[in-house]
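Structure, as C-alpha cells:
Protein chains: 2
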Amino acid sequence: MNLLLLEDADFVGEDRVRLSGRRLKHLHEVHRAEAGDRLRVGRLGGLMGEGRLMALDAEHAELQVSLDQAPPAKLPLTLVLALPRPKMLKRVLQTVSAMGVPRLVLVNSYRVEKSFWQTPFLEAEAIREQLILGLEQARDTVLPDVSIEKRFKPFVEDRLPALATGTLGLIGHPGDYPACPRAVQEPVTLAIGPEGGWIPYEVDLLRQAAGLQPVQLGERILRVETAVPALLARLF
Amino acid sequence: MNLLLLEDADFVGEDRVRLSGRRLKHLHEVHRAEAGDRLRVGRLGGLMGEGRLMALDAEHAELQVSLDQAPPAKLPLTLVLALPRPKMLKRVLQTVSAMGVPRLVLVNSYRVEKSFWQTPFLEAEAIREQLILGLEQARDTVLPDVSIEKRFKPFVEDRLPALATGTLGLIGHPGDYPACPRAVQEPVTLAIGPEGGWIPYEVDLLRQAAGLQPVQLGERILRVETAVPALLARLF
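As they're listed, the protein sequences go chains A and B.
Straight run, no breaks: the first sequence in the numbering used here ends on number 236.
Straight run, no breaks: the second sequence in the numbering used here ends on number 236.
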C-alpha cells in the first residue's frame with residue numbers, strides 16, 4: 001500500500017478521517033505506524049496529499065489530511081479482455097488499475113471456460129476490492145470503469161464499434177501479423193484474448209465489426225497477466 | 001502448456017519418448033489427448049518440433065518426435081532482481097523464463113525481508129520447476145541461468161562490473177530520472193529493486209561500482225511482477 005486510500009465515509013470532519021479494518025491493520029502491521037507519522041493519502045475519486053496520524057490504537061486510526069495533488073493521468077485506452085481464470089482475474093484487475101487503464105471490458109470468448117463466469121470474484125464488490133488494491137499500489141485515486149459482457153457477438157457488433165470509434169483498434173494476437181506499435185500518441189482500443197487465444201471467427205468479427213487489427217509481440221506465447229503489462233508498456 | 005518439454009531421460013529411442021507424471025496428467029486432463037494426436041514438443045536445451053502420440057494410458061504416454069526447429073532467440077539481457085517474496089518469486093521466475101531472459105541474478109537488498117531467503121522456492125529444483133513452466137508457456141527449450149547473491153555489496157562491487165561491461169546498464173527506479181529507453185539495440189543489464197525500491201545507498205553503489213543508470217516508467221509504482229514485463233517489453 002503506497003497510498004492510503006480514503007473513502008467519503010471515512011471523513012469525520014473536513015480534513016479529518018477515522019479508519020478501522022483492513023487499512024488500520026495495514027498501518028499497524030506493515031507500516032508499524034505511530035502517532036505523528038506522515039503518510040501519503042488520497043481520496044477515492046479525488047485528490048492526493050499527506051495525512052498526519054493524530055491517534056492510533058487497536059480500534060481506530062485518526063488522521064488529519066491535506067489534499068492538493070491531482071492523481072496521475074490515465075492511459076488513453078479501452079481494454080477488452082477475455083475473462084481470465086479467477087485467480088488470474090484478481091491479479092489482472094490489480095494490474096489494470098495500477099497501470100492506469102480507465103476502462104476495462106471483460107468479455108466472453110470461445111476459449112473462456114464456462115465455469116469462469118461463476119466465480120464470486122466477478123461480483124461488483126470483489127472487483128472493486130482488487131481495483132482498490134491496484135490504486136493503492138500505484139498511487140492513484142480514480143477507479144477504472146469495469147463492464148462485463150457475457151455474450152461476445154452482440155458486444156462486438158453492437159457496442160464495441162462505438163467504443164472503438166476514433167481510436168487505434170488493436171487485437172493482441174500471436175501469429176504472422178505486424179508487430180505491436182510503440183509509443184502511440186492516439187487513444188487505443190486493445191482486445192486481448194484468453195489463454196489459447198481468440199479463435200479465427202472472433203478475430204474476424206473484431207476486425208470486421210469494429211475495425212480492430214491484429215498485432216503481435218513476438219513468437220513467445222505469454223500468459224494474460226504478462227501480456228497485459230507488456231502490451232501496455234509497449235503501446236504507451 | 002503450449003509446448004511439451006522433453007528431457008533426456010524421457011527418450012527411449014532416438015525419436016521415441018515415454019512420459020509419466022505431471023506431463024501425462026496434463027495430456028489427459030487439459031489436452032484430453034488421444035493416440036494419433038499431434039503435439040508441439042521440444043527437447044530441453046535443444047530443438048523443437050512435433051510429436052505424434054503413439055499410445056496413451058493411465059500410466060504412460062509414448063510419442064514419436066521429429067525435432068527440427070530452433071527455439072526462439074533470447075533477449076540480450078542480464079536481469080538483476082532483488083529477491084521478491086516467495087509467492088511472487090514463483091510467478092516472476094515463470095515470467096523471466098517465458099519472456100526469454102537468459103540470465104537472472106537474485107540479489108539481496110535492504111528492503112528484502114530476511115525471511116524471504118528461507119523459502120523452499122529458492123532451492124535449485126524448485127527454481128527449475130518454475131522456469132520449466134515458463135518455457136512450456138512461451139515455447140522455448142533453453143533454461144535461463146539463475147544465480148543467487150545473498151550479499152549485495154560484494155556482488156555489485158566484485159561481480160556485477162564484469163557482467164555489465166559492454167552493456168547498457170539500467171536501474172528500474174521510480175523518481176526524477178530519465179524515462180526508460182525504448183527498443184534498444186544493444187545488450188542490457190537491468191537492476192529491478194524490491195517492493196519499496198532500492199535504498200539510495202544501493203542506487204549509488206549500482207551507479208558507481210557498475211555504471212548502471214536509473215530510469216523510470218512514470219509516476220505509478222508497479223509491483224515487481226508487473227514492472228518486469230513492462231520494462232522488458234519497453235526495452236526490446
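We put the CB at the ideal spot given by N, CA and C, even for glycine.
Around the beta carbon of glycine 45(B), fewer than 16 other beta carbons lie within 10 angstroms, which makes this residue exposed. Where valine 65(B) is concerned, there is no enclosing alpha helix (DSSP H), although the beta strand (DSSP E) around it starts and stops at 61-69. Those residues of the stretch 201-232 of chain A placed with their C-beta closer than 9 Å to a C-beta in chain B are Leu217, Gly218, Glu219, Arg220, Ile221, Leu222, Arg223, Glu225, Thr226, Ala227, Val228, Pro229, Ala230, Leu231, Leu232, ordered along the chain. With its beta carbon at least 9 Å from every one in chain B, threonine 78(A) lies outside the interface. A distance of 9 Å or more separates the beta carbons of leucine 106(B) and valine 228(B).
When C-beta atoms of the stretch 159-167 of chain A are compared with those of the stretch 112-120 of chain A, fewer than three pairs fall below 8 Å, so the two segments do not count as touching. For the C-beta of proline 72(A), the chain B residues within less than 9 Å are, from N- to C-terminus, Gly218, Glu219, Arg220.
A straight line joining the alpha-carbon of proline 194(B) with that of glutamine 137(A) spans about 13 Å. Under the three-pair Cβ rule at 8 Å, the stretch 168-184 of chain B counts as touching the stretch 208-218 of chain B. Those residues of the stretch 125-150 of chain A placed with their C-beta closer than 8 Å to a C-beta in chain B are Gln137, Ala138, Arg139, Asp140, ordered along the chain. Close to glycine 100(B), with beta-carbon spacing below 7 Å, are these residues of chain A in chain order: Arg220. Look at alanine 191(A): its C-beta is not under 9 Å from any C-beta on chain B. With a 10 Å radius around the Cβ and a threshold of 16 neighbouring Cβ atoms, serine 66(A) comes out exposed. Spanning the alpha carbons of aspartate 57(B) and phenylalanine 121(A) requires a straight line of approximately 37 Å. Leaving aside the five residues that flank leucine 3(A) on each side, the residues in its chain whose CB is nearer than 6 Å to its CB run, in chain order, Arg40, Gly42, Glu136, Arg139. In the structure shown, methionine 99(A) adopts helical secondary structure according to DSSP, grouped into three states.
Using a Cβ distance threshold of 9 Å, leucine 93(A) and leucine 131(A) count as a contacting pair. Take the alpha-carbon of serine 20(A) and the one of valine 184(A): they are about 43 Å apart. Between leucine 206(B) and leucine 235(B), the CB-CB gap reaches or exceeds 9 Å. Close partners of alanine 183(B) in chain A (Cβ separation under 8 Å): Arg182. For arginine 43(B), the closest Cβ of chain A is not nearer than 9 Å. Listed as beta-bridge partners of glutamate 149(B) by DSSP are Val107(B). Separation of tyrosine 177(A) and glutamate 50(B) (C-alpha to C-alpha, rounded to the nearest whole angstrom) is 23 Å.
In the same chain as histidine 31(A), and ignoring 5 residues on each side of it, no C-beta atom comes closer than 6 Å to its own. In the DSSP annotation of this structure, the continuous segment of the beta strand (DSSP E) that includes arginine 16(B) starts and ends at 16-19. Residue pairing from DSSP leaves glutamate 136(B) without any beta-bridge partner.
Secondary structure of alanine 55(A) (DSSP, three-state): strand. Cβ-Cβ distances below 8 Å link tyrosine 201(A) to Tyr110 in the same chain, with the five nearest sequence neighbours on each side left out; the list follows chain order.
Around the beta carbon of proline 181(A), fewer than 16 other beta carbons lie within 10 angstroms, which makes this residue exposed.
The secondary-structure analysis by DSSP pairs valine 184(A) with nothing; it has no beta-bridge partner. Judged by DSSP secondary structure, leucine 3(B) falls outside any beta strand (DSSP E); it is assigned neither H nor E. In this structure, Asp15(B) is the residue among Glu129(B), Ala73(B), Asp15(B) with its C-alpha nearest to the C-alpha of arginine 52(B). Annotation for alanine 9(B): no alpha helix (DSSP H) segment contains it, and DSSP assigns it neither H nor E.
Proline 76(B) and valine 188(B) do touch by the CB rule: their CB atoms are close to 7 Å apart, below 8 Å.
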